[in-house]
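Here's the structure, in structure tokens; my notes come after.
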Amino acid sequence: MKKNALQKARAAYQPKLPIVLTGAVKAVEGDATQSVADQEAIKQLFPNTYGLPELKFEKNTVPTPSKPMNVGVILSGGQAPGGHNVICGLFDGIKKVHRDSRLYGFLMGPGGFVDHQYVELTSAVIDEFRNTGGFDIIGSGRTKLENKEQFDKGLEILKELDIKALVIIGGDDSNTNAAVLAEYYKSINAGVQVIGCPKTIDGDLKNDVIETSFGFDTATKVYSEVIGNIQRDCNSAKKYYHFIKLMGRSASHIALECALQCQPNICIISEEVEQKDMTLDQVVGYIADIVAERAKRGMNFGTVLIPEGLIEFIPAMKRLIAELNDLLAKNGAEFAAVAAADQRQYIIDHLSADNAAVYESLPEGVARQLSLDRDPHGNVQVSLIETEKLLSEMVGKRLAKMKEEGKYDGKFAALHHFFGYEGRCADPSNFDADYCYALGFNAACLIRSGVTGYMSSVRNLTKPSVQWVAGGIPITMMMNMERRHGAMKPVIQKALVLLDGAPFLKFASKRDDWAYNTCYIYPGPIQYFGPAEVCDQPTLTLKYEHQGK
Ligand code: FBP
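Basically our numbering = 1-based index in the sequence shown + 1344.
What follows is the structure in structure tokens.
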């Protein structure tokens, strides 16, 4: 692969490992653990892997005998910066244990494991991918690894390649599946350990013991750079409102972090909208009032951040979507036969009065999206809804009405952006490069200590990386029971934005000032080389969460 000067310099970057992982380690057991909720139910479902102790690695003065280990690795779900470094750290970790250790990568996600598609990751391959973004070293996929047939099929290839441990790099669902797989292999004495690694730009795989998922740091820095650039343009031309939708399927962590970084005029937090039981109209009113007040102060420009998952957090929209899903599942054929021009009315006539009123209030384009774009399970593909356009269109209408009533006298011209894929494969920041390498290297230590059903855990992340604490957390500890597809299932709890958490409180204490004045910050691009205060800073979310701890 041909590399430019930055890529060459970046390839040579040596991630900083926690000091504890730089020599021989021993695993020190903490107290036995229990799941965050529904202890009895989870215990019954995981008789072999429930209640295990937390592990912390400490330096070992006595070197332990070592033999080669064959390990398999899977990248699961959406891309996140740093995935390659997890694999590089894992590779270096198992090679450090024994130079004849081998690493196999399953291709295109869990599907490659089930279908026996794999590649051996040699040092020649690994060295091409050090400190790079993307998941292209082996590809990723969204096949769910959840049934016995898949587990048994996968076991065949593990046996064929003499693989004794499997590392699954994924989000909450993939790590839930890793725990189920670990339990199953343990129950049949398959002799295969399963270790998880916390990945997702969405930042919603975190809890008391996993401080952050990897990729969140880099992705939010990339988005913050471009939001900052837009804000500077906005403040120069002073004639547009920029409506910027930010990725994050469900939780609003990305939007919140970008707001803390950039200080936009408005940022909507889905979790707050839900908690306050706000209607779409109220969200529109909130934005329109700020636009009107800024106009009074002579500012007909601004920036509005919108989290991707907003629509599903608006209770009235949630109810509408649920009824639409049912209606179109039941009357799909009849609906398809209705002439396109009459479909809107058909839906209005078949919905309950409340939902019909909400549907009628939506702009045509969005209403059409809600009735047409469905996933293979028959559900609305919410991420395809152009919420940024929906909101700006509705705000425009509201302002026109306010103008008629003499409550607004300004100009409103909106531009739209969606930032998501731009950040998922960026070269990892130093934080993510170090964190991911440590997660992978630490996974090798967990394998060596013989455990299964654990997630690689690296903590103390607001401190310099050499002071990070490494160990393992039983995945069952993060679980509770939730209703999925009509049945109660054990799952890792998704972390939504906490409205009493320090990052949100900080934002809430500043947002009026940011709304009515112009306090933009222009964070600039990620820096890889230079002083630590420029290059090695964690997210503000992590900093605020750690303050006072
Ligand atoms: P993961 O949860 O698998 O990490 O993916 C997160 C995400 O990037 C979301 O932010 C986004 O909504 C979704 O993936 C997009 O999915 P796809 O890659 O299938 O388009």
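Ideal Cβ positions, reconstructed from N, Cα and C, are used throughout, including at glycine. Quick caveat: nothing in here was measured; it's all calculated off a predicted structure.
Inset, instruction - Measure the CB-CB distance between GLY1315 and ASN1519 and report whether it falls below 7 Å. - result: With the chain represented from 1345 up to 1893, any question about residue 1315 goes unanswered, as that position is not in the structure.
Inset, instruction - With a 10 Å radius around its C-beta and 16 neighbouring C-beta atoms as the bar for buried, classify GLN1494 as buried or exposed. - result: Along the sequence shown, one-based indexing puts residue 1494 at 150. Its Cβ being crowded by 16 or more others within 10 Å, GLN1494 is buried.
Legend entry - ARG1593: CB within 6 Å of a non-hydrogen atom of the ligand FBP: The residue given as residue 1593 occupies position 249 in the sequence shown. Answer for ARG1593: yes, Cβ within range of the ligand FBP.
Inset, instruction - Under 8 Å by Cβ, that's how I've got LEU1419 and PHE1479 pegged, so tell me the actual separation to the nearest angstrom. - result: For the purposes of this step, residue 1419 is identified with residue 75 of the sequence shown, where counting begins at 1. For the purposes of this step, residue 1479 is identified with residue 135 of the sequence shown, where counting begins at 1. With a Cβ gap of about 5 Å, LEU1419 and PHE1479 count as contacting.
Inset, instruction - Measure the beta-carbon distance from ASN1392 to LYS1530 and round it to whole angstroms, keeping in mind my assumption that it falls under 8 Å. - result: If you number the sequence shown from 1, residue 1392 lands on position 48. If you number the sequence shown from 1, residue 1530 lands on position 186. Contact holds; Cβ gap of about 4 Å.
Inset, instruction - Taking all protein chains shown into account, decide if HIS1829 is buried (16 or more other Cβ within 10 angstroms of its Cβ) or exposed. - result: Indexing the sequence shown from 1 puts residue 1829 at position 485. Answer is exposed; the Cβ neighbour count stays below 16.
Legend entry - Any non-hydrogen atom of the ligand FBP closer than 6 Å to SER1727 Cβ: Reading the sequence shown from its first residue, position 383 is the one you call residue 1727. Because some heavy atom of the ligand FBP lies under 6 Å away, the Cβ of SER1727 counts as near it: yes.
Inset, instruction - Could you round the C-beta distance between ALA1632 and GLY1754 to whole angstroms and report it? I think they count as a contact, below 8 Å. - result: For the purposes of this step, residue 1632 is taken as residue 288 along the sequence shown, with counting starting at 1. For the purposes of this step, residue 1754 is taken as residue 410 along the sequence shown, with counting starting at 1. The Cβ separation is near 11 Å, so there is no contact.
Inset, instruction - Could you tell me whether the Cβ atoms of HIS1761 and ILE1501 are closer together than 7 Å? - result: Sequence index remark: in the sequence shown, residue 1761 carries index 417 (1-based). Sequence index remark: in the sequence shown, residue 1501 carries index 157 (1-based). No. Outside cutoff.
Inset, instruction - Below 8 Å on the Cβ atoms is my guess for CYS1606 versus SER1568; work out the distance and round it to an integer in Å. - result: What you label residue 1606 is simply residue 262 of the sequence shown in a count that begins at 1. What you label residue 1568 is simply residue 224 of the sequence shown in a count that begins at 1. Indeed, because the Cβ distance is near 5 Å, the residues count as touching under 8 Å.
Inset, instruction - Please indicate yes or no: does the CB of THR1544 lie closer than 6 Å to some heavy atom of the ligand GTP? - result: Here the bound small molecules are the ligand FBP; the ligand GTP is not part of this structure.
Inset, instruction - With hydrogens ignored, establish whether the beta-carbon of GLY1515 is closer than 6 Å to any heavy atom of the ligand FBP. - result: Counted from its first residue, the sequence shown places residue 1515 at position 171. Correct: GLY1515 has its Cβ closer than 6 Å to the ligand FBP.
Inset, instruction - Could you name the residues of the same chain whose beta carbon sits closer than 8 Å to that of LEU1434, not counting the 5 residues immediately before and after it, in chain order? - result: As a first step, residue 1434 must be located in the sequence shown, where it is residue number 90. The beta carbon of LEU1434 is closer than 8 Å to those of VAL1415, VAL1417, LEU1447, VAL1511, GLY1784, PHE1785, ALA1787, ALA1788 in its chain, skipping five residues each way along the sequence.
Inset, instruction - May I ask you to report which of helix, strand or coil DSSP gives ILE1507? - result: Locating residue 1507 in the sequence shown gives position 163, counting from the first residue. Coil at ILE1507, not helix or strand.
Inset, instruction - With hydrogens ignored, establish whether the beta-carbon of GLY1422 is closer than 6 Å to any heavy atom of the ligand FBP. - result: For the purposes of this step, residue 1422 is taken as residue 78 along the sequence shown, with counting starting at 1. Flag set: Cβ of GLY1422 near the ligand FBP.
Legend entry - Nearest neighbour of LYS1492, chosen from ALA1509, ALA1522, ILE1513, GLY1514 [CA to CA]: Within the sequence shown, numbered from 1, the residue matching residue 1492 stands at position 148. It is ALA1522.
Legend entry - Nearest candidate by alpha-carbon position, reference ILE1692, set ALA1683, TYR1703, LEU1399, ILE1554: Walking along the sequence shown from the start, residue 1692 turns up at place 348. For the residues ALA1683, TYR1703, LEU1399, ILE1554, the minimum Cα distance to ILE1692 belongs to TYR1703.
Legend entry - Spatial distance of VAL1538 from ARG1827 (CA atoms): Taking the sequence shown and counting its residues from 1, the one referred to as residue 1538 is at position 194. Taking the sequence shown and counting its residues from 1, the one referred to as residue 1827 is at position 483. When rounded, the distance between both Cα atoms is 25 Å.
Legend entry - Buried versus exposed call for GLU1555 [16 or more other C-beta atoms within 10 Å across all chains shown]: Your numbering for residue 1555 matches position 211 in the sequence shown. Looking at its Cβ environment, which holds 16 or more other Cβ atoms inside 10 Å, GLU1555 is buried.
Legend entry - Nearest-angstrom beta carbon gap, ALA1814 and VAL1364 [assumed within contact, 8 Å]: For this step, residue 1364 is matched to residue 20 along the sequence shown. For this step, residue 1814 is matched to residue 470 along the sequence shown. Yes, they are in contact, since the Cβ atoms of VAL1364 and ALA1814 sit about 6 Å apart, within 8 Å.
Inset, instruction - Specify the secondary structure class of ASN1824 as computed by DSSP and reduced to three states. - result: Within the sequence shown, residue 1824 is the residue found at index 480, counting from 1. If DSSP states are grouped into helix, strand and coil, ASN1824 belongs with the strands.
Inset, instruction - With DSSP as the reference, label GLU1652 as helix, strand or coil. - result: Indexing the sequence shown from 1 puts residue 1652 at position 308. In the structure shown, GLU1652 sits in coil (DSSP, three-state: anything other than H, G, I, E or B).
Legend entry - Coarse secondary structure for ARG1446, derived from DSSP in three states: Position 102 of the sequence shown, counted from the start, is the residue given in the question as residue 1446. Residue state, collapsed to three classes: strand.
Legend entry - For LEU1389 and LYS1854, the rounded distance between their alpha carbons: Your numbering for residue 1854 matches position 510 in the sequence shown. Your numbering for residue 1389 matches position 45 in the sequence shown. Answer to the nearest angstrom: the Cα atoms are 46 Å apart.
Inset, instruction - Please work out which residues of its chain come closer than 6 Å, Cβ to Cβ, to LYS1838, disregarding the five sequence neighbours upstream and downstream, and give them in chain order. - result: In the sequence shown, the residue the question calls residue 1838 occupies position 494. Taken in chain order, the residues that qualify are ASP1516, ASP1548.
Legend entry - Cα-Cα separation, PHE1851 to LEU1600: Numbered from its first residue, the sequence shown carries residue 1851 at position 507. Numbered from its first residue, the sequence shown carries residue 1600 at position 256. If you take the alpha carbons of PHE1851 and LEU1600, they lie about 8 Å apart.
Legend entry - VAL1430 versus GLY1572: straight-line alpha-carbon distance, rounded: For the purposes of this step, residue 1430 is taken as residue 86 along the sequence shown, with counting starting at 1. For the purposes of this step, residue 1572 is taken as residue 228 along the sequence shown, with counting starting at 1. Looking at the two C-alpha atoms, the distance is approximately 30 Å.
Inset, instruction - Decide if the segment 1766-1776 is in contact with the segment 1557-1564; the criterion is three or more beta carbon pairs, one per stretch, under 8 Å apart. - result: yes
Inset, instruction - May I ask which residues mark the beginning and end of the alpha helix (DSSP H) holding ILE1598? - result: Here residue 1598 corresponds to residue number 254 of the sequence shown, with the count starting at 1. Residues 1597-1606.
Inset, instruction - Would you identify the three-state DSSP class for GLU1749, choosing helix, strand or coil? - result: Taking the first residue of the sequence shown as position 1, residue 1749 is located at position 405. Note: GLU1749 maps to coil in three-state DSSP.
Inset, instruction - For LYS1360, name the three-state secondary structure that DSSP assigns. - result: Position 16 of the sequence shown, counted from the start, is the residue given in the question as residue 1360. Looking at LYS1360 - three-state DSSP - the assignment turns out to be coil, as it is neither helix nor strand.
Legend entry - Assigned exposure category for LEU1728 - 16 Cβ within 10 Å defines buried: Numbered from its first residue, the sequence shown carries residue 1728 at position 384. Under this definition LEU1728 is an exposed residue.
Legend entry - Bridge partners - ILE1817, DSSP secondary structure assignment: Counted from its first residue, the sequence shown places residue 1817 at position 473. DSSP output for ILE1817 lists MET1799 as bridge partner(s).
Inset, instruction - Give a yes or no on whether the C-beta atoms belonging to VAL1841 and HIS1597 are separated by under 7 Å. - result: As a first step, residue 1841 is located in the sequence shown; it is residue number 497 there, counting from the start. As a first step, residue 1597 is located in the sequence shown; it is residue number 253 there, counting from the start. Going by C-beta atoms, VAL1841 is nearer than 7 Å to HIS1597.
Inset, instruction - Select from GLY1449, CYS1863, GLN1423, ARG1792 the residue whose C-alpha is nearest the C-alpha of THR1466. - result: Translated into the one-based positions of the sequence shown, residue 1466 becomes position 122. Ranking GLY1449, CYS1863, GLN1423, ARG1792 by Cα distance to THR1466 puts GLY1449 first.
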